[in-house]
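Chains as they are written, first to last, in the numbering used here: chain A, 1 to 228; chain B, 1001 to 1400. Contents: one structure, followed by commentary.
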Amino acid sequence: MYAIEVDNLTKIYGKGETAVTALQGASFKVRPGELVAILGPSGSGKTTLLTCIGLINEPTHGTVIIDGTTVADGGWLGGIDLKRMRREKLGFIFQAHNLIPFLTAQENVMIALEINGLTRNAAKNRAVELLSALNLGHRVNNYPSALSGGESQRVAIARALANRPRVILADEPTAALDTENGKNVMDLLKKLAIENHSAIMVVTHDHRMVENFDRILEVSDGRIAGEK
Amino acid sequence: MNLAIRDIRYHRGRFILTSIGLGLLLGVVMSMGGIYRGLIADALSILHTNKADIWVVQQGTNGPFAESSRIPEDITYRIRSVPGVAEASPLSFQTVQIERRNKPFRFFLVGYDLNGFGGPPEILAGRGIRQKHYEMVVASAVGMAIGEKIHLGLHDYTVVGITGKVVSSAGDPAVYVSLADAQDIQFKKDNDAIRNDRERIGANLATIPSLSPPQAKYLNANIAAITESTHTVNTVVARLAPGANLQEVQERINRWNHFRPISDAEQTAILAKGMIEKARMQLGLFRVILLIISGVIISLIIYTSTLDKIRVIATLKLIGSQNRVIIGMILQQSLLMGILAYGIGYTLILLTYEKFPRRIVLEAFDLQSLFVIVMAICTISSFVGIRKALKVEPAEALGG
């Protein structure tokens, strides 16, 4: 079973004369444990693709299947709890890490677990385990403002992994990091994809990182222009 | 995990400062409620200490607290003879302002029959008045010590006792003297005035040709006795015998034509509704305005605080957070701010209410009602923030 199946995915913003086609007829499949890059210039439709797969942006046409569940077929399917799908099946990593500033590193991971119904103690144990695994055991009680860019991004990765999602979507996770930290994050993602058997899709235009991916989808003018 | 508490913990300085500001505002609201209750307590203070069932006053007047009322002192005996009246006592009231220690010194002078009732309700220090003349018992708020003397009218009076918080409807502390002394202070003319009056009466009588000199002298003495008489009081208060019918007693006194018997309930209404109604409305209006201001401030604070957290809210939505988590965070913050501000306001008023120049009466019902109102305001105020938060799209978490 594929972690992600996308068929003829199209997203059009607006209507009539002002309509803009951001994504047109994108089709691909991603296996669990696969690390896939979505590469393309600014405005090519990378983030739109990611938000459609991430159940944030409703597709205009096409099908999206996440971990065997059809979530969109020419629009969201009725009866699908998108929030629940995002909680249980998806993990997100952002360019600006988006940690909650008033929560410590540990609490930032715990919040994702508690939202998913874990008890406080279980969430705490899992958060400490994840942060320790990412070499942040000594930073659990620090607020994001006290963490470096690389550390913040690792906390964000821990939060994305907290609920053992089948799919991790990352939007330019290395854009705000220097080369060394960027490489470390990519190595970590690759390791996690294999260990957790999660499909990881990374939107990037950072060509320095391409060697880390199993597959690269090149997006241009809203279409999948090529695959390497 | 309680996000509201976590946010407050992180931004505690800002939260506390905001709550102090709101707390001061709520303290003012509480004090206004207390001032209003104090006005009522002050207005009814004399009434409650006398425990009278009927106040007999000059006909066509609303009694000594509302307007001038003068009736002869000897009406007391007639009232005592009315069936159903257990006891009656004459009272004299006068607001006095003199200079004391180079400062204006204002008090409410009460003259009472030493053998009747209407005197100081309790003696906290010293003793009650024993001599018919030149002794006084003062309310503690007057600030005089036992043995201290004060010059009133033509004589010096000595403080012999201290009583509790008895004040006039205007909030002036009470000073008790014997009825005779009060009448002297209120009505007795000084020697020059007496001489002048006698001369004037004599001169007027001399112009009447039909009066012989002995007749004129006799008339002069009689007229002078009437004009110099001080046996006038402002009211006679009466207590009924057990089982007596108040209405029947009132009707009987009414039939005398020159007096108006006011029941205690009517006197309370005259004081509470008539005299302090405008003050009550004014204070009430101020309280409403201040509560509206509090509501607007809380709304603005919660709204700007929500705007600060747009990215956080979008991230929470993106990672699958239920709306109730976000609503709970905003609502709890608003309520916690209200609770803390209320606590600050309450502590402030509790520490300072006795230092106010006028009586502040803090009633549990008022404070509890205000708490409920503050909580309602916080809940309603948080709606603007909640509305904004619910409109935030998860996609706003993306991007640099």
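In this text, a Cβ means the ideal position worked out from N, Cα and C, and glycines have one as well.
Listed by chain order, chain B residues near residue i by CB distance under 8 Å
i: residue 84 (chain A); result: 1320
Contact with chain A by residue i, beta-carbon distance below 7 Å
i: residue 1138 (chain B); result: no
i: residue 1366 (chain B); result: no
i: residue 1001 (chain B); result: yes
DSSP-derived helix/strand/coil call for residue i
i: residue 1319 (chain B); result: coil
i: residue 2 (chain A); result: coil
i: residue 1030 (chain B); result: helix
i: residue 1013 (chain B); result: helix
i: residue 1355 (chain B); result: helix
i: residue 987 (chain B); result: Any question about residue 987 (chain B) goes unanswered here, given that chain B covers just 1001 to 1400.
i: residue 216 (chain A); result: strand
i: residue 13 (chain A); result: strand
i: residue 24 (chain A); result: strand
i: residue 1380 (chain B); result: helix
i: residue 1036 (chain B); result: helix
i: residue 1286 (chain B); result: helix
i: residue 1400 (chain B); result: Caution is warranted here: a pLDDT of 45 is assigned to residue 1400 (chain B), below 50, making its placement in the model unreliable, and the coordinate value is therefore given only provisionally. It is coil, neither helix nor strand.
i: residue 1307 (chain B); result: helix
i: residue 138 (chain A); result: helix
i: residue 1195 (chain B); result: helix
i: residue 1007 (chain B); result: helix
i: residue 1132 (chain B); result: coil
i: residue 1334 (chain B); result: helix
i: residue 1024 (chain B); result: helix
i: residue 1388 (chain B); result: helix
i: residue 1219 (chain B); result: helix
i: residue 1105 (chain B); result: strand
i: residue 184 (chain A); result: helix
i: residue 1187 (chain B); result: helix
i: residue 228 (chain A); result: coil
i: residue 1250 (chain B); result: helix
i: residue 1173 (chain B); result: strand
Among the options, nearest to residue i - alpha-carbon criterion
i: residue 1378 (chain B); options: B:1297, B:1360, B:1110 and B:1078; result: B:1297
i: residue 1168 (chain B); options: B:1205, B:1135, B:1229 and B:1106; result: B:1106
i: residue 1031 (chain B); options: B:1042, B:1341 and B:1287; result: B:1287
i: residue 221 (chain A); options: A:133, A:161, A:88 and A:26; result: A:26
i: residue 84 (chain A); options: A:55, A:74, A:210 and A:59; result: A:55
i: residue 1186 (chain B); options: B:1110, B:1206, B:1198 and B:1118; result: B:1110
i: residue 1318 (chain B); options: A:116, A:22 and A:77; result: A:116
i: residue 1015 (chain B); options: B:1191, B:1344, B:1056 and B:1265; result: B:1344
i: residue 1259 (chain B); options: B:1233, B:1284, B:1270 and B:1271; result: B:1233
i: residue 207 (chain A); options: A:199, A:182 and A:225; result: A:182
i: residue 8 (chain A); options: A:75, A:38, A:19 and A:32; result: A:75
i: residue 1366 (chain B); options: B:1060, B:1005, B:1029 and B:1010; result: B:1029
i: residue 1050 (chain B); options: B:1174, B:1244, B:1307 and B:1225; result: B:1174
i: residue 1276 (chain B); options: B:1134, B:1149, B:1170 and B:1116; result: B:1170
i: residue 1042 (chain B); options: B:1352, B:1323 and B:1272; result: B:1272
i: residue 1368 (chain B); options: B:1010, B:1026, B:1021 and B:1222; result: B:1026
i: residue 1252 (chain B); options: B:1082, B:1019, B:1057 and B:1055; result: B:1082
i: residue 14 (chain A); options: A:70, A:108, A:128 and A:60; result: A:60
i: residue 1334 (chain B); options: B:1143, B:1362 and B:1376; result: B:1376
Contact list for residue i against chain B, beta-carbon separation under 7 Å
i: residue 57 (chain A); result: 1395
i: residue 47 (chain A); result: 1398
i: residue 92 (chain A); result: 1318 and 1319
i: residue 171 (chain A); result: 1398
Short CB-CB distance (under 7 Å) between residue i and chain E
i: residue 139 (chain A); result: Within the model displayed, chain E is absent; protein chains A and B are what it includes.
Residue i Cβ short of 6 Å to the ligand NAD heavy atom set
i: residue 17 (chain A); result: For the structure depicted, the ligand NAD is absent and the ligand set is empty, with no information on it obtainable.
Closer than 8 Å at the beta carbon, the chain A residues around residue i
i: residue 1036 (chain B); result: Simply none; closest approach about 41 Å.
i: residue 1011 (chain B); result: 102
Minimum Cβ-Cβ distance from residue i to chain B less than 7 Å
i: residue 135 (chain A); result: no
i: residue 51 (chain A); result: yes
i: residue 8 (chain A); result: no
i: residue 87 (chain A); result: yes
i: residue 98 (chain A); result: yes
Closer than 7 Å at the beta carbon, the chain A residues around residue i
i: residue 1006 (chain B); result: 102, 103 and 107
Along the region 100-133 of chain A, what residues have a CB closer than 9 Å to any CB found in chain B? 100, 101, 102, 103, 104, 107, 110, 111, 112, 114, 115, 116, 120 and 123
Taking any Cβ of chain A, which residues in the region 1306-1333 of chain B have a Cβ under 7 Å from it, in chain order? Cβ contacts with chain A come from 1311, 1312, 1315, 1318, 1319, 1320, 1321, 1322 and 1325.
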